[in-house]
Each structure stands twice: as C-alpha cells, then as structure tokens.
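Novice: Residue numbers (our numbering): 385 to 654. Beta carbons are placed, not taken as given, at the ideal position from N, Cα and C, and that holds for glycine. Quantities reported herein were computed from a predicted structural model and do not represent experimental measurements. Please see the structure below; I have some questions.
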Ligand SMILES: [Cu+2]
C-alpha cells in the first residue's frame, strides 16, 4: 500500500516536472518571438519582414490600422515603422488561465521629448497556430500602483473621456487612473500638464510644445480592455487628457485624430 502511494507520488512529481519544463520551453520560445518582433522595423531585411508576418496574425496587424498583412506590406514604412527597444525579461509573466495565452511584458520606449525614456507595460496575447506562436493582440498593461493609492475611473469611447472632474482623489492630485475602453475603436490616454494660459486644443493645433509638459501615456488600449496607469503626485494646476489615435473607420491610419473628434479633456488639481 505504502509503495503504491509512493509510486503515485513519484509519478505526480515527474508529471509536474515535465509540465514545468514544457511551460519553460514555451516561455522561452514566446520570449524569443517577442524580442525578435520588437527588433524588426520597416528598414529591416525581407527575411525579417517575413518573420514578422509569420509570427503575427491579421488581428494583430489591425491594431496598427491596416486590415490585412498585404495592406501592411504595401505601406510597410508607415505600418511597421521603427523597431522598439528590447523588452525587459524580468517583467515577463504568463497567464495560462486565459485563452489566447496572455504574456505581459515591459518595454522601454523613448517618447516625445528627446532623451526622455518612459517605461511602458504591454500585455500581448498569443495564439498557437499549427505549432507556431503568433502575436494576436497587444494592449497596454498595468503599471505598478503603490498599495493604498486611490483609483480614479476613466472610460474611453467614441469620442470622449468620461470621468468625474470633481472626484476628490483627482482634485487631491494623488491617485492612479483605472482606464477602461468601453468603445469600439482602439484608444490611448495621454496625460499632460498645461503650463500656459489658453486652450489645450489651440496648443496642439499650433504645435506649441512649450505650452504643456508630457507626463505619460497608456497606449494602445483595445476595446473592452482596461489598464491601470500610475501618475505620481500631481501638483496644483491644469492637466489634460488627449487621444491622438486616428479614426479607425477610415482605413490606413488616414482618419482624423480622435482629439479633433472630441477626445480631449481638462481637469484641475487643487
Ligand atoms: Cu481615442
């Protein structure tokens, strides 16, 4: 009896080890895929472009504003653009409970102001297509939010930021955003501090870069997905929320920016 139990236990342990090995193998493969995809830009070789399209689905390409692989290849300069900085492995986690498989990673990106690097979290969904892992979705992931930080809910839709500008936590300047995309298009949330007197819309229209300071961004946020965004401690003053993504009902990323259609908003910290 005892031996049977022992054998059963050994079998269980062996199975666990086998499963863990298989998971580790899959994770390495996924990791290599993400790293390779991130390194590919419009100027990369034909072989690299082929790799890109072999390891991404049309659904993933649609996130770039192009309906198919063919459309993206035809306008590759705009569609793929520049390579991304290498992702940071320490922040990679896998969630096997969800289907398609979700892999979270953190990329460091250089944004807007020269020399200023922002860390941005992305959650990538993979599907296994005949033994090949393909990136199928990419949406903004959660920032690390210090425990006890109050959350201010912001809903995104066509075409507005919906939130309570009288929320006491928002007014206090100490909070994190809990963003949800309730719309049908991909959105982003860009947070700026408004420095000059005047209309935020005018500053963007006139490209007056002195009039505001870029504080952070969550992009892209897919329909029906959420992301938590850390904002630090905001000092008293005017702040803006803006979405610059193009109207996706117009193909090829040629639509007007959501900002021009109403996705621009202002709040005050007291
Ligand atoms: Cu938008």
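Rounded to a whole number of angstroms, what is the C-alpha to C-alpha distance between residue 445 and residue 456?
Specialist: Roughly 7 Å separates the two Cα atoms.
Novice: As a quick exercise: from 520, 558 and 511, pick the residue whose alpha carbon is nearest that of residue 534.
Specialist: When the alpha-carbon of residue 534 is set against those of 520, 558 and 511, the nearest one is in 558.
Novice: Using the rule of at least 16 other Cβ atoms within 10 Å of the residue's Cβ for burial, across every protein chain shown, is residue 725 buried or exposed?
Specialist: Given a span of 385 to 654 for the chain in the structure shown, any question on residue 725 remains unanswerable.
Novice: Nearest-angstrom Cα distance between residue 612 and residue 409?
Specialist: 30 Å
Novice: Using a strict less-than 7 Å threshold between each residue's beta carbon and the heavy atoms of ligand 1, what residues do you get?
Specialist: 540, 543, 569, 571, 572, 627, 629, 642 and 647
Novice: Per the DSSP calculation, residue 423 is bridged to which residue(s)?
Specialist: According to DSSP, residue 423 bridges with nothing at all.
Novice: Rounded to whole angstroms, how far is the Cβ of residue 538 from the Cβ of residue 418, which I believe are closer than 8 Å?
Specialist: Residue 418 and residue 538 do not touch by the CB rule: their CB atoms are close to 28 Å apart, not below 8 Å.
Novice: Please name the residue in 589, 569 and 523 whose C-alpha comes closest to that of residue 601.
Specialist: 523
Novice: In three-state terms, what does DSSP make of residue 571?
Specialist: In the three-state reduction of the DSSP assignment, residue 571 falls in the strand class, which pools E and B.
Novice: Taking the alpha-carbon of residue 427 as reference, which of 604, 547 and 468 has the nearest alpha-carbon?
Specialist: With distances taken between Cα atoms, residue 427 lies closest to 468.
Novice: Note down, in chain order, each residue of its chain lying with its Cβ closer than 6 Å to the Cβ of residue 638, except the 5 sequence neighbours on either side.
Specialist: none
Novice: Have a look at residue 530 and residue 560 and give me their C-alpha separation to the nearest angstrom.
Specialist: Each residue's alpha carbon lies about 9 Å from the other.
Novice: State buried or exposed for residue 518, treating a residue as buried only when at least 16 other CB atoms are found within 10 Å of its CB.
Specialist: buried
Novice: Between the C-alpha atoms of residue 553 and residue 541, what's the straight-line distance to the nearest angstrom?
Specialist: Their backbone Cα atoms lie some 23 Å apart in a straight line.
Novice: Just tell me which of 640, 521 and 647 has its CA closest to the CA of residue 572.
Specialist: The residue among 640, 521 and 647 with its C-alpha nearest the C-alpha of residue 572 is 647.
Novice: Under 8 Å by Cβ, that's how I've got residue 630 and residue 465 pegged, so tell me the actual separation to the nearest angstrom.
Specialist: Not quite, the Cβ-Cβ distance comes to about 14 Å (not below 8 Å), so this is no contact.
Novice: The alpha helix (DSSP H) with residue 556 in it runs from where to where?
Specialist: 552 to 556
Novice: Quick check: the Cα distance between residue 447 and residue 593, rounded to an integer number of angstroms?
Specialist: 28 Å
Novice: By alpha-carbon positions, which one of 548, 564, 549 and 441 ends up nearest to residue 514?
Specialist: 441
Novice: From 433, 562, 598 and 606, pick the residue whose C-alpha is nearest to that of residue 632; which is it?
Specialist: It is 606 whose Cα lies nearest to the Cα of residue 632.
Novice: Where residue 436 and residue 520 are concerned, what is the direct C-alpha to C-alpha distance, given to the nearest angstrom?
Specialist: Whole-angstrom Cα-Cα distance: 12 Å.
Novice: Provide the residue(s) that pair with residue 622 in DSSP beta bridges, ordered along the chain.
Specialist: The partner list for residue 622 (beta bridge, DSSP) reads 578 and 652.
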